[in-house]
Structures are given as C-alpha cells and as structure tokens.
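Numbering-wise (our numbering), the sequence shown opens with residue 1 and increments by one.
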Amino acid sequence: MRLVIAGAPGSGKSTFVRTISEIEVIETERSATDQTSLLKKQTTVAFDYGRFTFGSSLEVQIYGTPGQARFNFMWDYLIKGAHSYIVLVAAHRPNDFHYARQIMSYMNQRVGIPMIIGLTHTDCPGAFSPVEIMAKLGYMNQKNRPSVMNVNPNERGSIIEILMASMALVVERTGSDRSPKRGEFGQPGQSMSRNTYPQPKSLFSRGY
Ligand SMILES: Nc1nc2c(ncn2[C@@H]2O[C@H](COP(=O)(O)OP(=O)(O)O)[C@@H](O)[C@H]2O)c(=O)[nH]1
Ligand SMILES: [Mg+2]
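Right, dumping it as structure tokens:
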C-alpha cells in the first residue's frame, strides 16, 4: 500500500517517515532559503521515502511530500500513485490551518482516495482542540467530515495507530466498491467513490 503524508512545513512529515521506516529513509532535504527558513533550516524539496511492514505480508510505502506549494508538481505525482493519504496539521499553529485546507482541496481535486487528518504538536503550548481545528478547517458538521486523529510523529506507537486507521479506510472503501481479492487494495489514485464530505474551494490555481 502506498501512503502519502502531506502538510504544511513543520507539521511533522519528515519526522513521521523517519520514525516509522524500517529502511534507511531517503530524504531530499535542502537548506531553506525562503520564509520557511524562519521555521527550520532544512526543507524537503522532492519527497521523503520510507517503508514499514505489518506482519510479514503487508508493506506500506510511505511518501512524505514537500510542504511548500511551489513544489506541488511533486504532490501531484505522489498522490496519483497513492492508495490513501494523511494530512498533518500542527495543532498549535492556527496560521497554518488555512494552508492545510488548501492542501486537502488540492488532493481531493485529483484523487478520490481515503484521507485522515493527523493532528500533530497536540502536546505543545497553545494547541487547539480537535473540535476547534475541524471548525477552522471548515468542517462544521460533525457527522459529515473526514476522519481526524492525534498523531505524534516522534512516537512509533502513535504512527502505527494512524497507519492502521488509514489501512482500515482503504479496505472499507475497496470493499464497498466491489469484492476485493484477498490482499488486494485496488488501483491507486483514481479508485472508488470520491470523498463525500464538503471540500473547500479550489486553490493554487497559479503561482501560489
Ligand atoms: N512536540 C512535538 N514535536 C513535533 C511533533 N511533530 C513534529 N514535531 C517536531 O517538529 C519539527 C518539524 O518536523 P518535520 O518532520 O521536519 O516537519 P516537516 O516540515 O513536515 O517535514 C521536528 O523538530 C519534529 O520533531 C509533535 O507532535 N510534538
Ligand atoms: Mg520535511
């Protein structure tokens, strides 16, 4: 199964991949030269790649996207090969919520695969509650919204929980569309019924 981890710079994507991967992670970090350098020295420019195996049979390939929208051609490439994705949102950075929303919209316009919102930095001072964040992300209706979970990218156990939730959604979605063959996740990217919850309007049309 191929899983994409998206989110704003500093939300925890590279840490997520590094913590869980059982192979040496392929990282494409370079010195940040724009406003991201105020947040951290290094930023991902292509993707982070890691791998995790459940039991002996299910291999999850994990691709962390670059956070900055100017690399969104990579988002496009990665998401089209994915079975599901997780958008990390730093719970203590309300200024990033709008951007997270735009990332979700970008992805949802391209694929109809399961998504989970992973709230990171929930242990940090000033962290907003899940209910507040979902409202700020535009999901007012509790019954009609994507899955949301806390995740600490520095903790393996926490990552395994969200990986399992993500796989469960893929299996559920595949099962509701047609009879899945044992061990099969269906085609990445296009598959299946589109997410039904409301999505924010379009973004990054040009030069964001
Ligand atoms: N305390 C805390 N720190 C976190 C959490 N998630 C990520 N971090 C830290 O946030 C920093 C930025 O993470 P990084 O993986 O580089 O973010 P990326 O830009 O999304 O790849 C790192 O120092 C992480 O250890 C979290 O849930 N709690
Ligand atoms: Mg990174």
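The beta-carbon is built from N, C-alpha and C at its ideal position, and this holds for glycine as well. Predicted model, so just to flag it, every value in this text is computed and none were measured.
- Within the model, the alpha-carbon separation for Ala90 versus Thr122 is close to 7 Å.
- In this structure, the CA atom of Arg145 is about 14 Å from the CA atom of Ile113.
- Within the region 108 to 142, the complete alpha helix (DSSP H) segments at least 4 residues long are 130 to 136, listed from N- to C-terminus.
- For Gly12, the closest of Pro125, Arg173, Ile159 by C-alpha to C-alpha distance is Ile159.
- Within the DSSP bridge table, the entry for Asp34 names no partner.
- In this structure, Ser166 places its C-beta atom within 8 Å of the C-beta atom of Leu3.
- By the C-beta density criterion, Thr53 is exposed, having fewer than 16 other C-beta atoms within 10 angstroms.
- At a Cβ-Cβ threshold of 8 Å, His92 and Cys124 count as neighbours.
- Taking the Cα of Ser105 as reference, the smallest distance to any Cα among Pro130, Asp76, Gly81, Ala127 is reached at Asp76.
- Straight through space, the alpha carbons of Val148 and Ile26 are spaced by roughly 27 Å.
- For the region 56 to 116, the continuous alpha helix (DSSP H) assignments of 4+ residues that do not extend past its boundaries occur at 72 to 80, 97 to 110, in sequence order.
- For Pro153, the shortest separation between its Cβ and any heavy atom of ligand 1 lies below 7 Å.
- Shown here, Ile5 sits in a strand according to DSSP, grouped into three states.
- Look at Lys41: its beta carbon is at least 7 Å from all of the heavy atoms in ligand 2.
- Between Ile20 and Ile86 a beta carbon distance of about 12 Å is seen, past the 8 Å cut, so the two are scored as non-contacting.
- For Phe52, the enclosing beta strand (DSSP E) starts and ends at 48 to 54.
- Shortest gap from the CB of Gly64 to any heavy atom of ligand 1: under 7 Å.
- Between Ile62 and Val171, the alpha-carbon positions lie close to 17 Å from each other.
- In the three-state reduction of the DSSP assignment, Ile160 falls in the helix class, which pools H, G and I.
- Relative to the Cα of Asn154, the nearest Cα in the group Gly7, Val17, Pro9 belongs to Val17.
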